[in-house]
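Numbering (my numbering), first residue to last: 1357 to 1572.
Below is one structure, written out as structure tokens; comments come after it.
Rendered as structure tokens:
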């Protein structure tokens, strides 16, 4: 090896493009669905669940996605189970057998959703754009769009659409979780949480390693 320092580079950022749905229930259990159309792991879905007693559970479809999500966010328990999602414009059906079944009814877009859809997709997905959107997201929705994640990572959420959830039914381990409620108190998986009002958000999530760069 020559006296010149060998070039070093950080890993390329990871992009996840899809939807996040957040819902509270009258039992106190709050649920966050990630439905990813494109990701470094291919298309997949996962569910993050926090019970009224604070127990945080991840349901992920493969060991690989479970390891990545489990090291980026904070959970008390991780289970690898198939997570299947069927969607149409108004109704989303989620099955993570044998543990969870959930059905979400999606409402119309409000003013915020219309504004988000008006932003060009490339700009909305840019981490730099979150410097503009983060203060607005904190003020209007009570969430953050950028921050530190687990595993020596940083994360940016680029919202591109927003629709309210108008109804939800869910059972976990055969127990009815009750009627749809606000997501309160906020879930504690990571810095971003999810809007207090039950919502379905189109989002591009960027995850970047921030630890020491590794040699190629």
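All C-beta atoms in this analysis are idealised placements derived from N, C-alpha and C, irrespective of residue type, glycine included.
Please read these numbers as outputs of a predicted model, since none were measured by experiment.
Per-residue DSSP class, three states only, for residue i
i            : result
residue 1473 : helix
residue 1467 : helix
residue 1533 : coil
residue 1489 : helix
residue 1372 : strand
residue 1384 : coil
residue 1416 : strand
residue 1446 : coil
residue 1400 : strand
residue 1456 : strand
residue 1509 : strand
residue 1546 : coil
residue 1426 : helix
residue 1523 : strand
residue 1408 : coil
residue 1481 : coil
Contact set for residue i: own chain, Cβ-Cβ below 6 Å, skip 5 residues either direction
i            : result
residue 1390 : 1376, 1402
residue 1369 : 1562, 1564
residue 1411 : 1432
residue 1449 : 1442, 1459
residue 1407 : 1385
residue 1400 : 1392, 1417, 1421
Residue from the options whose Cα sits closest to the Cα of residue i
i            : options                : result
residue 1524 : 1421, 1433, 1384, 1460 : 1460
residue 1551 : 1367, 1467, 1378       : 1378
residue 1520 : 1532, 1489, 1554, 1499 : 1554
residue 1464 : 1557, 1367, 1490       : 1557
residue 1574 : 1560, 1419, 1549       : Absent from the model: residue 1574. The displayed extent of the chain is 1357 to 1572, so no value can be given.
residue 1417 : 1526, 1529, 1392, 1462 : 1392
residue 1451 : 1374, 1527, 1472       : 1527
residue 1466 : 1517, 1414, 1424       : 1517
residue 1414 : 1395, 1396, 1455, 1447 : 1455
residue 1471 : 1434, 1493, 1373, 1483 : 1493
residue 1529 : 1453, 1434, 1436       : 1453
residue 1559 : 1367, 1409, 1489       : 1489
residue 1515 : 1536, 1531, 1483       : 1483
Same chain, Cβ closer than 7 Å to residue i, neighbours up to 5 away in sequence not counted
i            : result
residue 1534 : 1381, 1382, 1383
residue 1566 : 1508, 1509, 1510
residue 1499 : 1493, 1548, 1549, 1550, 1551
C-alpha distance - residue i paired with residue j, whole-angstrom precision
i            : j            : result
residue 1505 : residue 1429 : 7 Å
residue 1501 : residue 1469 : 16 Å
residue 1480 : residue 1420 : 28 Å
residue 1538 : residue 1445 : 22 Å
residue 1462 : residue 1522 : 6 Å
residue 1394 : residue 1423 : 18 Å
residue 1397 : residue 1439 : 14 Å
residue 1457 : residue 1372 : 24 Å
Closer than 7 Å: residue i CB and nearest the ligand PLP heavy atom
i            : result
residue 1424 : Among the components modelled here there is no ligand, and therefore nothing to report on the ligand PLP.
8 Å CB neighbourhood of residue i in its chain, flanking five on each side removed
i            : result
residue 1427 : 1506, 1507
residue 1447 : 1459, 1460, 1461, 1462
Inspect the CB distances between the region 1457-1476 and the region 1500-1511 and report whether three or more fall short of 8 Å. no
Do three or more CB pairs link the region 1537-1551 to the region 1371-1388 at distances below 8 Å? yes
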